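Chemist: Chains as they are written, first to last, in the UniProt record's numbering: chain A, 1 to 347; chain B, 1 to 347; chain C, 1 to 347; chain D, 1 to 347. Cβ atoms here follow ideal geometry from the backbone N, Cα and C, with glycine treated the same way. These numbers were taken from a predicted model, which means no experiment stands behind them. Take this structure, written in structure tokens, and hold onto it; I'll ask about it next.
4 protein chains.
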Amino acid sequence: MKTSKYKVAIVGASGFTGSELTRLLAGHPDIEIAHITSESHAGKAFSELHPQFFQIVDLPLEKATVIDDAELDVIFLALPHGVSMDFVKRWKNKNAKIIDLSGDFRLSSPKIYESWYGKDHTFEEGFGSAVYGLPELKAEEVKESNLIANPGCYPTASILSVAPLFAADLIEEGSLIIDAKSGLTGAGIKASATTHFSNVNDNFKAYGVGVHRHTVEIEEQLSNLSGGKVRVQFTPHLIPADRGILVTAYAKPRQEMDSHKLVEIYQDFYRDKPFVRVRKNVPSIKDVRGSHYCDVFPFWDKRTERIISIAVIDNLLKGAASEAVHNMNLMLGLNEQSGLNQIPLRP
Amino acid sequence: MKTSKYKVAIVGASGFTGSELTRLLAGHPDIEIAHITSESHAGKAFSELHPQFFQIVDLPLEKATVIDDAELDVIFLALPHGVSMDFVKRWKNKNAKIIDLSGDFRLSSPKIYESWYGKDHTFEEGFGSAVYGLPELKAEEVKESNLIANPGCYPTASILSVAPLFAADLIEEGSLIIDAKSGLTGAGIKASATTHFSNVNDNFKAYGVGVHRHTVEIEEQLSNLSGGKVRVQFTPHLIPADRGILVTAYAKPRQEMDSHKLVEIYQDFYRDKPFVRVRKNVPSIKDVRGSHYCDVFPFWDKRTERIISIAVIDNLLKGAASEAVHNMNLMLGLNEQSGLNQIPLRP
Amino acid sequence: MKTSKYKVAIVGASGFTGSELTRLLAGHPDIEIAHITSESHAGKAFSELHPQFFQIVDLPLEKATVIDDAELDVIFLALPHGVSMDFVKRWKNKNAKIIDLSGDFRLSSPKIYESWYGKDHTFEEGFGSAVYGLPELKAEEVKESNLIANPGCYPTASILSVAPLFAADLIEEGSLIIDAKSGLTGAGIKASATTHFSNVNDNFKAYGVGVHRHTVEIEEQLSNLSGGKVRVQFTPHLIPADRGILVTAYAKPRQEMDSHKLVEIYQDFYRDKPFVRVRKNVPSIKDVRGSHYCDVFPFWDKRTERIISIAVIDNLLKGAASEAVHNMNLMLGLNEQSGLNQIPLRP
Amino acid sequence: MKTSKYKVAIVGASGFTGSELTRLLAGHPDIEIAHITSESHAGKAFSELHPQFFQIVDLPLEKATVIDDAELDVIFLALPHGVSMDFVKRWKNKNAKIIDLSGDFRLSSPKIYESWYGKDHTFEEGFGSAVYGLPELKAEEVKESNLIANPGCYPTASILSVAPLFAADLIEEGSLIIDAKSGLTGAGIKASATTHFSNVNDNFKAYGVGVHRHTVEIEEQLSNLSGGKVRVQFTPHLIPADRGILVTAYAKPRQEMDSHKLVEIYQDFYRDKPFVRVRKNVPSIKDVRGSHYCDVFPFWDKRTERIISIAVIDNLLKGAASEAVHNMNLMLGLNEQSGLNQIPLRP
């Protein structure tokens, strides 16, 4: 470990993910934030956009071109899907590790990307080098990588809810259903009918039924894990809350199961994973709010012979910003928990 | 129809259901509220408990014994499970129709009641005469009945979400999963850790996983409908909202299905049911808030060959008070829509 | 009263006010909705915009020009400030009463309008004929009027909170402070940073400090009432709730006061006003939600010798749509309570 | 500063304040939590009560008697008013500093305590030694003290909103009005009608009008500051949000004022106070959520010649737990910012 701090840049700081990345990195003992960029707000102070940072992080927002010649250890891309790929391409030869928080390099091929995202991919070579940065599954690959595809929020919770089962190839084909619920920040900072308070408050609805992009991301990762082809029924819903994802996963085991055995499988799988907590009672999203934890509650329903697994995360953290910092820690050879010791904020 | 108004009593008016019953009945053109009772608040005005009724319904709260000698057409029991049965027994020989909003007479036998509710039943004879008052399925039986077991809130939404499928016996055994979400009023007016604002607001969790009492209520009704034995995986969750239930039902069809056919099955089934609206897009709970409507959205997922059906109701109305009024209308030979024309309150 | 129904048009139905007007008028026994217009959504069904109306009000949205030749008894303008005046001008010679829900004709002169609204007024003649439609103060003028300036939401609650005091000229000059709080629907249906769920949920802030347009509207009406010049300190805040305004008004009496006298002043003033309820305890916004009631709680603080008056309304109803219907009832010679008997929806 | 960590105990850990104290102290670099007590839950793990701490703080809850013989540097009392005083008395001769988060020692005399709290005080001697621990006003006294009366949540925000004005004796007697709004956690963790979700959600109300205990606490501190007798009109309201207080203070200056001068007065007063941020725009409660910051926005309304000052804090932190930690830092001679560097959590 070097003695001076690592220099990082956050590209695209107007959204929630950029803001949360800044919060975590500003408090990280080994990191110095060298640049924060925003094309539309360049010139303003970061804290003008995000007033909670007033007198804490008042750095000026810069144009992304400032990165071209900057000496950096890590570049975080907190950009929309379809935009990120251009910057990965642009900076591929810089001597800096890139952590892309968009969906641009999460899938297995440009073709699959195009069929679910509905647009051409402009940097197909990236697929060869990108590592899917879910540290609980991929820590070793992440350590060796220079380009991380940071997982989606729903996939993070979904995969962690059932990874122990698929890693042991215990689940009957076609039986996996993930009924997912997310706080509104998952929809981003952009003002729209979807994000209008009156459409969300005291309300609840499903959306993207049968067609949500995270479906394929979950399927690919679980397929890799189990060795077989996994199909998932994935249905997202919108919770009238700011942060948090809860997934309720249903699956039929291939073989005999009981409560004790089920819990043991989860505990064994997550034994050395400091940020996954195997719970003995049903978790709620506030149990992990503001933190990097994923709480998982596996349940065996003897009556129906079905496994129900419930997982919760903070979608902006474990599902985005803190996952990115976790990946950075691994890539830089730091303690994986460095800067991620926030205790959940409840109530 | 007689020219003077029908006299009704609301027994147990301190909770949400009693309050909503009062709201509907106070505005019903054919009804006069003769008595409202509350054991713990007798002597106070009804509007002292529920200030929204100030200067609208200021009737005094009375002890339930006032009912013994009152001449009434209909008695509504808005009492907790386990308490209601004693009053049904007490008033069984009165010349008044009884609509019981508790769970005491919803199941098929005292034995099943005891195994899911964990207490002995004190009026087993009631099971013979009680009709499960879901008007969309049982209007004819309701009209002839003197004792209505008003359906539970989750069962109302759950059954209506898939009734057309089970009525046609289209669903593969064991494939039905109902992932249900309810606003907090479903937990009742009693103050507890569960209902504390800070445990609900900006939060989301599952509860009663694998053991919720409404499971068996749903199973029994769907079994009756299909003619076979139906098993359901039912998981309730708590939405940080006052009112509303949304259920996401998953089921595998026994035979070939397509989108067009699926919608047709629903539209045919609900053709003459004025309070079920078959929607072409995903409904949200606010679309029916404050009203007697149930909105249902059936969806065929070709990729997974699974039916997803989403239904929403206001749990205090279609799932309780307005359902009771609907049953009353049928029992008294009134227009079934009488007093139930509230347009949903959104936003 | 004529035997057929009165024909009305709602101009501008895409917002909350238009939607709530439609809800009330669709249920009004003496009214037929002849036209609903929306420039941006003409051609769609009204219920496509507002799904709660599906199968209830499916009328087609039309262009406003349809009004030109339509025979109508009443035209409601639910349009933004600055747009409404053009339509008042356009339809001034139609044989139809106009109720304008915008701020365009609420103030006493074009000059004052221009100084607070920052734009020129295009129909200055309107100021001569427009009546400020607060029925509790102006019922007689409203009955004779053909053009109603329907009051703002904050002014409705603010004025009603202290009208009995100013009508009796009891308040010390310059002592009136109104600290007002509104649910988010007051900001309208337009998507913006202001209405983004994450900026509102679990949050609270002031806005428009010292400069809000409703200040002058309150001042003018209270000045008319008292006969003197009234200055108010008005500060609005944003509640993380959909509907409801609560105002906390502070004022110093000119003369001796006590609790008994204060309550009597309020009760006398509002004796024959069916929609103002003088409460003996602190009201909350949910006590009037979904209704036309204004609940007022006057309090004498002996220690500080100050009057505190708290008033609550539903901003979309008493502060907009139901106020307009109330005005319509008066203008048409109907019972003033007709179609306005909704009991507040709580919880 | 000693090299080993300071040992602290948290007495009364079942509430929000105890939980937040634990969160802060568990992350404080110079502190070791030696004991956490709860009379009603002794024997359980702390994280059983507060599941967000699972695998982070699993310390056993103990009976308070464990403190009698424990060697401790600091004892935090997170107990209800009226209970705390007995423990201060019990441990007054221990060689440990006591920080009392209740209201038991905040006022100037037992007599005033008794008149506002309605109960006798059992440890009158405490009044002589207790220091009112508002670090921005009392840092020097705090450093020398062994018993801190940690300020109330409303008084913290209220006093900080106007302290610069009263310190300079600029305010006209009797003109101060503080219209305060608090999130629900201010009502504590106890389940009651007040804290029931359905009474809070989508709702807003005032309470304690004219009689709230924090009134006298504010008056006494501002009187000390200005040298004169200060009377405040204080009205609290309940926001449907978990955390946060916003106060809107109104005051008339004795002398000429302008915007520039006003801001300067605030900036000068808070120059070396790292946790008070003088803002140039209206703050919202989420701007400080989860942090020790108080944001203050002073505004001069030229039209009405009145000062409006808006301040926001997190009531559980700056208004309770982090204030206590701040006091501890001062008492132990640590850097006053130690352990208090949390950046606000928004959204």
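If the cut-off is 8 Å on Cβ atoms, which residues from the region 189-204 of chain D count as contacting chain C, listed in chain order?
Modeler: Those would be Ser198, Asn199, Asn201, Asp202, Asn203, Phe204, in chain order.
Chemist: What are the partner residues of residue 375 of chain A, as DSSP defines its beta bridges?
Modeler: Outside the shown range of chain A (1 to 347) lies residue 375 of chain A, about which nothing can therefore be said.
Chemist: Give a yes or no on whether 8 Å exceeds the smallest Cβ distance from Thr185 of chain D to chain A.
Modeler: Locating residue 185 of chain D in the fourth sequence gives position 185, where the first residue counts as 1. Judged by the 8 Å Cβ criterion, Thr185 of chain D is in contact with chain A.
Chemist: Are there 16 or more other CB atoms within 10 angstroms of the CB of Pro29 of chain A, so buried, or fewer, so exposed?
Modeler: Along the first sequence, read from residue 1 onward, the residue named residue 29 of chain A stands at position 29. Result: exposed.
Chemist: Suppose you measure from the CA of Pro110 of chain B to the CA of Leu21 of chain A; what does that come to, to the nearest Å?
Modeler: Sequence index remark: in the second sequence, residue 110 of chain B carries index 110 (1-based). Sequence index remark: in the first sequence, residue 21 of chain A carries index 21 (1-based). Cα to Cα, Pro110 of chain B sits roughly 58 Å from Leu21 of chain A.
Chemist: I want to see whether chain C comes within less than 8 Å of Phe16 of chain B, judged by CB atoms only; does it?
Modeler: Stepping through the second sequence from its first residue, residue 16 of chain B is reached at position 16. True, the Cβ-Cβ gap to chain C drops below 8 Å.
Chemist: Could you check whether the region 278-294 of chain B touches the region 243-253 of chain B, counting it as contact only if at least three pairs of C-beta atoms, one from each stretch, sit closer than 8 Å?
Modeler: A contact exists between the region 278-294 of chain B and the region 243-253 of chain B.
Chemist: Answer with yes or no whether the minimum CB distance from Asp242 of chain D to chain B is below 8 Å.
Modeler: Within the fourth sequence, the letter at position 242 stands for residue 242 of chain D. True, the Cβ-Cβ gap to chain B drops below 8 Å.
Chemist: Buried or exposed for Asn150 of chain A, going by 16 or more other Cβ atoms inside 10 Å?
Modeler: Counting from 1 along the first sequence, the entry for residue 150 of chain A is found at position 150. It counts as buried.
Chemist: In terms of alpha-carbon separation, which member of C:Gly128, C:Arg254, C:Asp100 lies closest to Ser322 of chain C?
Modeler: Here the question's residue 322 of chain C lines up with position 322 in the third sequence. Taking only the C-alpha atoms, the option nearest Ser322 of chain C is C:Asp100.
Chemist: Taking CB distances under 8 Å as the criterion, tell me whether Asp287 of chain B reaches chain F.
Modeler: Within the model displayed, chain F is absent; protein chains A, B, C and D are what it includes.
Chemist: Tell me which residue opens and which closes the beta strand (DSSP E) that Arg277 of chain A is part of.
Modeler: Here residue 277 of chain A is taken as the residue at index 277 of the first sequence, counted from 1. 276-278 is the span of the beta strand (DSSP E), which, as asked, contains Arg277 of chain A.
Chemist: Could you check whether the Cβ of Phe269 of chain C sits closer than 8 Å to any Cβ belonging to chain B?
Modeler: Here residue 269 of chain C is taken as the residue at index 269 of the third sequence, counted from 1. No, its Cβ sits nowhere closer than 8 Å to a Cβ of chain B.
Chemist: I'd like to know whether the C-beta atoms of Glu172 of chain C and Lys252 of chain C end up nearer to each other than 8 Å.
Modeler: Here residue 172 of chain C corresponds to residue number 172 of the third sequence, with the count starting at 1. Here residue 252 of chain C corresponds to residue number 252 of the third sequence, with the count starting at 1. Contact flag set, yes.
Chemist: Excluding the five sequence neighbours on either side, which residues of its own chain have a C-beta within less than 6 Å of the C-beta of Met1 of chain B, listed in chain order?
Modeler: Here residue 1 of chain B refers to the residue found at position 1 of the second sequence. Residue placement at Met1 of chain B is flagged as unreliable, the pLDDT there being 48, under the threshold of 50; a coordinate-derived value is accordingly withheld.
Chemist: Can you find a CB in chain C that lies within less than 8 Å of the CB of Pro347 of chain D?
Modeler: For the purposes of this step, residue 347 of chain D is taken as the residue at position 347 of the fourth sequence. By this cut-off, Pro347 of chain D is an interface position.
Chemist: Looking at chain D, is there any beta carbon in it that lies within less than 8 Å of the beta carbon of Asp301 of chain C?
Modeler: Against the third sequence, residue 301 of chain C aligns to sequence position 301. True, the Cβ-Cβ gap to chain D drops below 8 Å.
Chemist: Provide the residue span of the alpha helix (DSSP H) that contains Ile171 of chain D, from first to last.
Modeler: Here residue 171 of chain D is taken as the residue at index 171 of the fourth sequence, counted from 1. Note, Ile171 of chain D: premise wrong, no alpha helix (DSSP H); not H, not E.
Chemist: Could you compute how far the alpha carbon of His35 of chain B sits from the alpha carbon of Ala78 of chain B?
Modeler: Locating residue 35 of chain B in the second sequence gives position 35, counting from the first residue. Locating residue 78 of chain B in the second sequence gives position 78, counting from the first residue. His35 of chain B and Ala78 of chain B: Cα-Cα distance of roughly 13 Å.
Chemist: Within 10 Å of its beta-carbon, does Ala193 of chain C have 16 or more other beta-carbons around it, so buried, or fewer, so exposed?
Modeler: Position 193 of the third sequence, counted from the start, is the residue given in the question as residue 193 of chain C. That one is exposed.
Chemist: Take the Cβ of Val114 of chain D as the centre, count every other Cβ of all protein chains shown within 10 Å, and call the residue buried at 16 or more, exposed below.
Modeler: As a first step, residue 114 of chain D must be located in the fourth sequence, where it is residue number 114. The sequence shown places Glu at residue 114 of chain D, not Val. With fewer than 16 Cβ atoms within 10 Å of its Cβ, Glu114 of chain D is classed as exposed.
Chemist: For a contact defined as C-beta to C-beta under 8 Å, what are the partners of Gly290 of chain B on chain C?
Modeler: In the second sequence, the residue the question calls residue 290 of chain B occupies position 290. Residues of chain C passing the Cβ test: Gly290, Leu345.
Chemist: For Ile313 of chain C, report the span of its beta strand (DSSP E) as first-last.
Modeler: Along the third sequence, read from residue 1 onward, the residue named residue 313 of chain C stands at position 313. Note, Ile313 of chain C: beta strand (DSSP E), 306-313.
Chemist: Excluding the 5 residues flanking Gly82 of chain A on each side, which residues of the same chain have their C-beta closer than 6 Å to its C-beta?
Modeler: Against the first sequence, residue 82 of chain A aligns to sequence position 82. Cβ within range, chain order: Lys119.
Chemist: Relative to chain D, which residues along the region 26-37 of chain A have a C-beta separation below 9 Å, given in chain order?
Modeler: Per Cβ criterion, the list reads Ala26, Gly27.
Chemist: Taking Cβ positions, are Asp68 of chain A and Met85 of chain A nearer each other than 8 Å?
Modeler: Mapped onto the first sequence, residue 68 of chain A falls at position 68. Mapped onto the first sequence, residue 85 of chain A falls at position 85. No, they are not a contact pair.
Chemist: Taking the C-alpha atoms as reference points, what is the distance between Ile177 of chain A and Pro155 of chain A?
Modeler: What you label residue 177 of chain A is simply residue 177 of the first sequence in a count that begins at 1. What you label residue 155 of chain A is simply residue 155 of the first sequence in a count that begins at 1. Taking the straight line from one Cα to the other gives about 13 Å.
Chemist: How big is the Cα-Cα spacing for Asp295 of chain C and Val282 of chain C?
Modeler: If you number the third sequence from 1, residue 295 of chain C lands on position 295. If you number the third sequence from 1, residue 282 of chain C lands on position 282. Approximately 9 Å between the Cα atoms of the pair.
Chemist: DSSP three-state call for Thr122 of chain B: helix, strand or coil?
Modeler: Translated into positions along the second sequence, residue 122 of chain B becomes position 122. Of the three classes helix, strand and coil, the one that applies to Thr122 of chain B here is coil, per DSSP.
Chemist: Within 10 Å of its beta-carbon, does Asn199 of chain A have 16 or more other beta-carbons around it, so buried, or fewer, so exposed?
Modeler: Position 199 of the first sequence holds residue 199 of chain A. So Asn199 of chain A ends up on the buried side.
Chemist: Excluding five sequence neighbours on each side, which residues of the same chain lie with their C-beta closer than 8 Å to the C-beta of Glu305 of chain B?
Modeler: Along the second sequence, read from residue 1 onward, the residue named residue 305 of chain B stands at position 305. Around Glu305 of chain B: Lys252, Pro253, Met257.
Chemist: Identify the residues that DSSP records as bridge partners of Ser284 of chain D: which are they?
Modeler: Locating residue 284 of chain D in the fourth sequence gives position 284, where the first residue counts as 1. Paired residues: C:Lys205.
Chemist: Report yes or no: do three or more beta-carbon pairs, one from the region 37-54 of chain A and one from the region 4-14 of chain B, lie closer than 8 Å?
Modeler: Judged by Cβ distances under 8 Å, the region 37-54 of chain A makes no contact with the region 4-14 of chain B, as fewer than three pairs qualify.
Chemist: What residue range is occupied by the uninterrupted alpha helix (DSSP H) comprising Gln221 of chain A?
Modeler: In the first sequence, residue 221 of chain A corresponds to position 221, counting from 1. Note, Gln221 of chain A: alpha helix (DSSP H), 214-226.
Chemist: Could you list which residues in chain A have their beta carbon closer than 7 Å to that of Arg277 of chain D, in chain order?
Modeler: The count along the fourth sequence starts at 1 and reaches residue 277 of chain D at position 277. Here the neighbours are Phe54, Gln55.
Chemist: Could you please give me the residues that DSSP links to Asp295 of chain C through a beta bridge?
Modeler: As a position in the third sequence, residue 295 of chain C is number 295, starting the count at 1. DSSP output for Asp295 of chain C lists C:Arg277, C:Val312 as bridge partner(s).
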